[in-house]
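In the working numbering, the protein residues as written are -1 to 245.
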């Protein structure tokens, strides 16, 4: 991550850490599946799921890194940190590196499960994976389309309320969180399987209170003002739900 930090010093785009983090989690997950001693079919399925997740997310992140300004939450972090930005960004990058084993751990527990594949919990795991990855993919696509068409629709400077964004202020975060329950179910019944719940639980804490929603919403208020405040009043912050009246 030190190299990624040096690159962002030049590009002034801290989002490169997300690209590196996703790659490391995907590569670590594949390595865990290769070296695990669980059921071979389970290891293969787990490897396919983590690889597809990493490939989709990194493709999206790379396209956004090259095609758009720095993500709003990183802009908010820079403003909050002021003159200490470079040093604190270095610490943040190292924290990201240290978080990789937490996510790889849940994949490793799934791959270590000796139970033959096609238990009921495996079917549930596939459903959750499909819901999570499809949901975050749709949310990302809807936001990208909104940004590309906002000006011609007379919506420049306003908040995306298209599709899933009408029901949650952060549907991408929500469905990413849903996805990580997949590996608890794939690990179910195996050695120490319950520890796989730690990944989505810790992720939920950081999304709600640390590096996810707080800086993203702080930047939303700065860039979109009253429109974003109205969005906060009417729209669920995380779990998709029907919008409230702004009155």
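For glycine and all other residues, C-beta sits at the position ideal for the given N, C-alpha and C.
Based on Cα-Cα distance, which residue from the options lies nearest to residue i?
i, options, result
"residue 88", "4, 100, 165, 154", "4"
"residue 15", "42, 59, 51", "59"
"residue 100", "209, 1, 22", "22"
"residue 175", "106, 34, 128", "128"
"residue 155", "38, 222, 125, 201", "222"
"residue 40", "180, 209, 147, 130", "180"
"residue 102", "243, 216, 26, 210", "26"
"residue 38", "55, 112, 10, 66", "112"
"residue 8", "125, 226, 84", "84"
"residue 244", "51, 10, 227", "227"
"residue 225", "203, 10, 153, 109", "153"
Which of helix, strand or coil does DSSP assign to residue i?
i, result
"residue -1", "coil"
"residue 98", "helix"
"residue 165", "coil"
"residue 113", "coil"
"residue 23", "helix"
"residue 151", "coil"
"residue 104", "helix"
"residue 77", "helix"
"residue 187", "coil"
"residue 237", "coil"
Specify, as a first and last residue, the run of the alpha helix (DSSP H) that residue i falls within.
i, result
"residue 129", "118 to 147"
"residue 156", "Looking at the DSSP string, residue 156 is not in any alpha helix (DSSP H), and its letter there is neither H nor E."
"residue 46", "38 to 65"
"residue 215", "211 to 232"
"residue 202", "196 to 207"
Are residue i and residue j touching if we call contact CB-CB under 9 Å?
i, j, result
"residue 12", "residue 76", "yes"
"residue 80", "residue 48", "no"
"residue 183", "residue 233", "no"
"residue 132", "residue 238", "no"
"residue 205", "residue 171", "yes"
"residue 43", "residue 107", "no"
"residue 97", "residue 193", "no"
"residue 91", "residue 2", "yes"
"residue 188", "residue 36", "yes"
"residue 71", "residue 157", "no"
"residue 74", "residue 213", "yes"
"residue 186", "residue 230", "no"
"residue -1", "residue 82", "no"
"residue 61", "residue 20", "no"
"residue 130", "residue 173", "yes"
"residue 109", "residue 45", "yes"
"residue 211", "residue 177", "no"
### Query
Looking at C-beta atoms only, is the number of pairs between the region 136 to 144 and the region 158 to 171 that lie closer than 8 Å three or more?
yes
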